[in-house]
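Remarks on the structure that follows.
Protein chains in written order, with this note's numbering: chain A, 1 to 380; chain B, 1001 to 1336.
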């Protein structure tokens, strides 16, 4: 539907990922310098110029599978490693958190404020590193340029596109259940109380006019809820008070990140595959992936010692258990790209990507190159 | 005033789209058809009035002659014409028209989709039947396509393209009171809140333009010459169609309104929004003073649900049905 959805989806999911990883790095007592390197590497890759250029082009949303693959790559952009079970859990948490934020946004335009909350936090993560900071600032500019002129109808279309992407996802998240923002059936609580959105009146008034425009009568009705007047509007500039708490970091060291797998299979079985594309990755999605991999700095084999594994679960046994017992219908079917493991293959891949980049400028139709890259990946 | 009845289960959950429920009452066969859109699928349920028989059908938005395609559906709506009923499905790729039971596709109209995606999305949205033989469909560019529909067969033709709106069409409605006195018989709404009022014919005539308040009008109805419009601000406004005079303004909902419906015989109005509420109102026209009376009658709260479709199941408003985002059921309410 909306061709301007992908940047918001990516940045917000990326932001949630960083919140979770930051919490896990601290919970597992990873040395500060290593933890910082991981965060910096991931953020640098996320805001890679060529990658963002590709991201901001008008395009349809990626399939769930393709987007998950992009985040797999992103999570492994540094010396940190995640097992399949931990990566699955990380992605579950990221997606449910953003689904919650999109649903609870009082106005569709507030999704931009949520994005700015994520951006503000990312900026804070890298505030000591000038180089990465400037990448982040440039991205603020791009977001402001692209999104602030949009009408509320266009924002609602973006929101509707995101809601289709998140349709039928009801994974229970411990922190949401504890805070009573999610029910035990996995559905989010939608309060019928609190401030109305900016630009909306508290429901309850009927005004009748005559044909000259004079107000004849006023009638009140009971709205059934417990609403209050709107709060002030959040800032859509690079700096400012966003007002909404949606998109801010809800994790801290003492609030662990857990998901519940049981009881979700009934609803997820009804999920219809939206994408009917026979290829696991469409050509457009491949562009983005190629750009992302191009931005990766691969650690040489000699530095294997500095690499470490992060666990999204409390113990290794729990992680193993989660991997074994994950229901089939909830598997993301990630395409395994071995690029970083095999240096020789990586060199070949890099060569092809190099060709891919150059050829793109000359030929109007780059589809054949896309297919080459795809078949190359299939052969890995 | 109303109480909840047994829900109808549907094969997929409803997507968050405006006016995402269409109802067709087939009295001779004592059946009611319902359609609910889920991404690229239309879920159809045929429900017998005794509540004993349900049959399901799914329509995919695959246009003919294209091997692989996925295209999201924006809306599905029944169009009732004197001679026949059709089911119209609009998507990102084009417009499909089916026999009302969804069994055969009788017509396909492709939209001009650009080869590489553009910043402005392309889709069709806003469907209604007008007078004897027209079906009108809105497009994201703001254009309205007018199709001429013969009393039977598939010789449907594009008769006219109305270009008045500059923003994407959100909804369209025809005069439902059955009154021959009303000059205006079509209203169209767009993403900026602008409303256009038309008179149908070989060449459609623009009778009036009611400017918006830079706030999307997501659902509109036309009854006894009154335009009833629901907005993203949660407000409902009633205008005299041909003059644009504002009759009434209601601060009706705390979130975006997604659906309005009118029961033409009784003047009942149904409004539904993302705020989980469905509200029932009564409209009464006083011709002597040219004013409208609006009374609030009833609220229903569908807990933890953002409602995306609400329709009366009959012309008196004796029963109504509701759909919500992520809900795999059609909830029904009946007058007590």
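Every residue, glycine too, gets a C-beta built ideally from N, C-alpha and C.
Contact check, residue 1079 of chain B vs residue 1088 of chain B under 8 Å by CB: the rounded distance?
Between residue 1088 of chain B and residue 1079 of chain B the Cβ distance is about 5 Å, and since that is below 8 Å, they are a contact.
Looking at the strands, I want to know which residues DSSP matches up with residue 82 of chain A.
According to DSSP, which records beta bridges pairwise, residue 82 of chain A is partnered with A/310.
According to DSSP, is residue 1186 of chain B part of a helix, a strand, or is it coil?
Strand, per DSSP.
Mind checking whether residue 1188 of chain B and residue 1083 of chain B have CB atoms under 8 Å apart?
It is not a contact, given that the beta carbons lie outside the stated cut-off.
For the stretch 1146 to 1160 of chain B, enumerate the residues whose C-beta is nearer than 9 Å to any C-beta of chain A, in chain order.
Against chain A - using a Cβ distance shorter than 9 Å - the stretch 1146 to 1160 of chain B contributes no residues.
Cβ closer than 8 Å: which chain A residues qualify as neighbours of residue 1247 of chain B?
Result: 208 and 209.
Compute the distance between the beta-carbons of residue 1134 of chain B and residue 1122 of chain B, then report whether it is under 8 Å.
It is not a contact, given that the beta carbons lie outside the stated cut-off.
Just list the residues that DSSP pairs residue 1127 of chain B with in beta bridges.
Paired residue(s): B/1137.
At a CB-CB cut-off below 8 Å, which residues of chain B make contact with residue 216 of chain A?
The answer, in chain order, is 1291.
Is residue 13 of chain A close to chain B? Criterion is C-beta to C-beta, closer than 8 Å.
It does not: the Cβ of residue 13 of chain A has no partner Cβ on chain B nearer than 8 Å.
Report the residues of the stretch 157 to 180 of chain A with a CB closer than 7 Å to any CB of chain B, ordered along the chain.
Taking 7 Å as the Cβ-Cβ cut-off against chain B, the residues of the stretch 157 to 180 of chain A that qualify are 157, 160, 163, 164, 167 and 168.
Give me the Cα-Cα distance between residue 313 of chain A and residue 1092 of chain B, rounded to the nearest whole angstrom.
So the two alpha carbons sit approximately 42 Å from each other.
If distances are taken between C-alpha atoms only, which option among B/1258, B/1274 and B/1053 comes closest to residue 1126 of chain B?
Of B/1258, B/1274 and B/1053, the residue nearest in Cα terms is B/1258.
Under three-state DSSP, which class holds residue 1067 of chain B?
Reliability fails at residue 1067 of chain B, whose pLDDT of 43 lies under 50, so the model's placement of it is uncertain and no value is given.
By the DSSP assignment, the beta strand (DSSP E) with residue 1219 of chain B in it spans what residues?
1217 to 1223 is the extent of the beta strand (DSSP E) around residue 1219 of chain B.
Is the beta carbon of residue 1202 of chain B closer than 8 Å to that of residue 153 of chain A?
For residue 153 of chain A and residue 1202 of chain B, no; Cβs fall outside 8 Å.
Would you say residue 1239 of chain B lies against chain A (beta-carbon separation less than 8 Å)?
By this cut-off, residue 1239 of chain B is not an interface position.
Using only the alpha-carbon positions, how far apart do residue 70 of chain A and residue 77 of chain A sit?
Their Cα atoms are separated by approximately 11 Å.
Exposed or buried, residue 302 of chain A, counting other C-beta atoms within 10 Å across all chains shown (16 or more means buried)?
Here the model assigns residue 302 of chain A a pLDDT of 38, short of 50, so the residue's position is not dependable, and the following value carries that caveat. Exposed, because fewer than 16 other Cβ atoms sit within 10 Å of the Cβ of residue 302 of chain A.
Which value, in whole angstroms, describes the spacing of the CA atoms of residue 120 of chain A and residue 243 of chain A?
Rounded to whole angstroms, residue 120 of chain A to residue 243 of chain A spans 13 Å at the Cα level.
Would you tell me roughly how many angstroms separate the C-alpha atoms of residue 1109 of chain B and residue 1021 of chain B, rounded to the nearest one?
Looking at the two C-alpha atoms, the distance is approximately 22 Å.
For the pair the stretch 1219 to 1237 of chain B and the stretch 1246 to 1263 of chain B, tell me if three or more CB-CB distances fall below 8 Å.
A contact exists between the stretch 1219 to 1237 of chain B and the stretch 1246 to 1263 of chain B.
Would you check whether the ligand FAD has a heavy atom nearer than 7 Å to the C-beta of residue 1274 of chain B?
In the structure shown, the ligand FAD is absent, as is every other ligand, since no ligand is present at all.
Compare the Cα-Cα distances from residue 1025 of chain B to each of B/1100, B/1288, B/1042 and B/1015 and report the closest residue.
Taking only the C-alpha atoms, the option nearest residue 1025 of chain B is B/1100.
Could you tell me if residue 1005 of chain B is buried or exposed, where buried requires 16 or more neighbouring beta carbons within 10 angstroms of its beta carbon?
By the 10 Å Cβ count, residue 1005 of chain B comes out exposed.
Could you tell me the alpha carbon to alpha carbon distance between residue 359 of chain A and residue 9 of chain A, rounded to whole angstroms?
In this prediction, residue 359 of chain A scores a pLDDT of 32, lower than 50, which makes its location untrustworthy; the coordinate-derived value is nonetheless stated afterwards. Cα-Cα distance, rounded: 29 Å.
Looking at residue 1047 of chain B: is its Cβ nearer than 8 Å to the Cβ of residue 1008 of chain B?
Going by C-beta atoms, residue 1047 of chain B is nearer than 8 Å to residue 1008 of chain B.
Could you name the residues of chain B that residue 1 of chain A contacts, counting a contact when the two beta carbons are closer than 8 Å?
Chain B residues near residue 1 of chain A: 1072, 1074, 1092, 1121 and 1123.
By a C-beta neighbour count over all protein chains shown, 10 Å radius and 16 as the cutoff for buried, is residue 116 of chain A buried or exposed?
Residue 116 of chain A is buried by the Cβ-count criterion.
For the beta strand (DSSP E) containing residue 45 of chain A, name the first residue and the last one.
Per DSSP, residue 45 of chain A belongs to no beta strand (DSSP E); it is in the alpha helix (DSSP H), 32 to 46.
So, helix, strand or coil for residue 233 of chain A, using DSSP?
Looking at residue 233 of chain A - three-state DSSP - the assignment turns out to be coil, as it is neither helix nor strand.
Leaving out five residues before and five after residue 1292 of chain B in sequence, what residues of the same chain have Cβ atoms less than 8 Å from its Cβ?
Correct list, in chain order: 1226, 1238, 1247, 1248, 1283, 1284, 1285 and 1286.
Is the stretch 134 to 146 of chain A close to the stretch 73 to 90 of chain A, with three or more CB pairs under 8 Å?
Taking 8 Å as the limit for Cβ pairs, the verdict is that the stretch 73 to 90 of chain A does not touch the stretch 134 to 146 of chain A.
Does residue 195 of chain A come out as helix, strand or coil in the three-state DSSP assignment?
Residue state, collapsed to three classes: strand.
From the DSSP output, read off the bridge partner residues of residue 1110 of chain B.
Answer is B/1094, bridged to residue 1110 of chain B.
Can you confirm whether residue 1306 of chain B, when its beta carbon is compared against all beta carbons of chain A, has any partner nearer than 8 Å?
Interface residue, yes.
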